[in-house]
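Going line by line, the protein sequences match chains A and B.
Using our numbering, the letters of the first sequence correspond one by one to residues 1 to 113.
Using our numbering, the letters of the second sequence correspond one by one to residues 114 to 229.
Think of the CB as a built atom: it goes at the ideal place given N, C-alpha and C, for glycine as much as any other residue.
Single-structure report; data block below.
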Amino acid sequence: AQTVTQSQPEMSVQEAETVTLSCTYDTSESDYYLFWYKQPPSRQMILVIRQEAYKQQNATENRFSVNFQKAAKSFSLKISDSQLGDAAMYFCAYCQGAQKLVFGQGTRLTINP
Amino acid sequence: GAVVSQHPSWVICKSGTSVKIECRSLDFQATTMFWYRQFPKQSLMLMATSNEGSKATYEQGVEKDKFLINHASLTLSTLTVTSAHPEDSSFYICSARHGAAPGELFFGEGSRLTVL
């Protein structure tokens, strides 16, 4: 079974600085998708960024970018120019085939003003 | 983006009663919806996959008779927690698939269930 591991329960960063959240996963498949979701205090899950495993180029969405290392099965999220509104729980997720998302344990990100 | 709505957002019930939670896709048709459970400070655990017009597919360890899922239309899936007990208290989240691309999932706001 696929597993997703986020080894950082909590992270904090100064406003306007850059922070990187780690994620590793385990799979024997070669074609799959990886995601980062944000869950703010409102609890609604919001898609931050998506990466297709067959694409070598790292996905970027404005201030959010990923470092996808397929061989190492690593998928980290970099948030540049951190803003107070970025404070939330961040979940790394894996999806393959049946579109069942497998989530990591989550990382709570705090932004210090 | 696509909108998924859950109702109620918060419910308190007595032990032994049943509670129904609705998940609606407001501006698109969803043939597949997913139900998750999230305990405090923990991740989302998939409970079941709800397919329109057919029986739900439950994950291992999830009691089918305890958590009844019905997907009667392309815009509505319901989760009924039967004979609720305090250990069923949790945050329940649904998501609906929109589009063909994997991961095109949109999440509802979640429903917090507290069983007294």
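Using CA atoms only, rank isn't needed, just tell me which of the options is closest to residue i.
i: L47(A); options: D26(A), Y37(A), F75(A); result: Y37(A)
i: S80(A); options: E10(A), E15(A), Q2(A); result: E15(A)
i: S224(B); options: L159(B), V116(B), K133(B), A115(B); result: K133(B)
i: T188(B); options: R210(B), W123(B), L181(B), I206(B); result: R210(B)
i: L77(A); options: S30(A), Q51(A), Y32(A); result: Q51(A)
i: S42(A); options: L229(B), F204(B), R137(B), T227(B); result: F204(B)
i: T107(A); options: P40(A), A1(A), D31(A), E17(A); result: P40(A)
i: R63(A); options: P113(A), M11(A), P9(A), T20(A); result: T20(A)
i: R137(B); options: S167(B), S163(B), K168(B); result: S163(B)
i: Q121(A); options: Y54(A), P9(A), F68(A); result: Nothing can be reported for residue 121(A), as the shown portion of chain A is limited to 1 through 113.
i: H198(B); options: S156(B), L226(B), G174(B), Q155(B); result: L226(B)
i: T18(A); options: V66(A), S82(A), F91(A); result: S82(A)
i: F35(A); options: G104(A), L109(A), T110(A); result: G104(A)
i: A93(A); options: F152(B), A169(B), S156(B), G129(B); result: S156(B)
i: L159(B); options: K168(B), Y149(B), S196(B); result: Y149(B)
i: V175(B); options: P153(B), G129(B), S128(B), L192(B); result: L192(B)
i: G166(B); options: G212(B), S128(B), S196(B), N183(B); result: N183(B)
With respect to 8 Å, is the separation between the Cβ of residue i and the closest non-hydrogen atom of the ligand FAD below this value?
i: L187(B); result: Looking at this structure, you won't find the ligand FAD or any other ligand, since it has none at all.
For residue i, list the residues DSSP reports as bridge partners.
i: K133(B); result: T193(B)
i: A87(A); result: In DSSP, A87(A) forms no bridge with anything.
i: S118(B); result: R137(B)
i: E10(A); result: R108(A)
Spatial neighbours of residue i within its chain, please: CB distance less than 7 Å, with the 5 preceding and 5 following residues excluded, ordered by chain position.
i: T24(A); result: T5, K73, S74
i: Q119(B); result: I134, E135, C136, C207, G221, E222, G223, S224
i: K70(A); result: A53
Skipping 5 residues on each side, what residues in its chain have a beta carbon closer than 6 Å to that of residue i?
i: K177(B); result: Y171
i: D201(B); result: V194, V228
i: S208(B); result: F147, L218, F220
i: V116(B); result: L139, D140
i: T27(A); result: Q2
i: M45(A); result: Y37, Q39
Short of 8 Å in beta carbon distance, which residues of its chain neighbour residue i, apart from the five on each side in sequence? Order them along the chain.
i: N112(A); result: S12, V13, Q14, E15
i: Q8(A); result: L21, S22, T107
i: I49(A); result: F35, W36, A59, T60, E61, F64, S65, V66, L77
(request) Please go through the region 21-85 of chain A and give each complete beta strand (DSSP E) segment of 3 or more residues, from N-terminal end onward. (result) 24-26, 33-39, 46-52, 64-69, 74-79
(message) Closer than 8 Å is the cut-off here; do at least three beta carbon pairs connect the region 140-147 of chain B with the region 120-128 of chain B?
(response) no
(message) Does the contact criterion of 3 or more C-beta pairs under 8 Å hold for the region 181-201 of chain B versus the region 85-93 of chain A?
(response) no
(message) Runs of 3 residues minimum, wholly inside the region 149-227 of chain B: which ones carry the beta strand (DSSP E) assignment?
(response) 157-164, 180-186, 189-194, 203-210, 218-220
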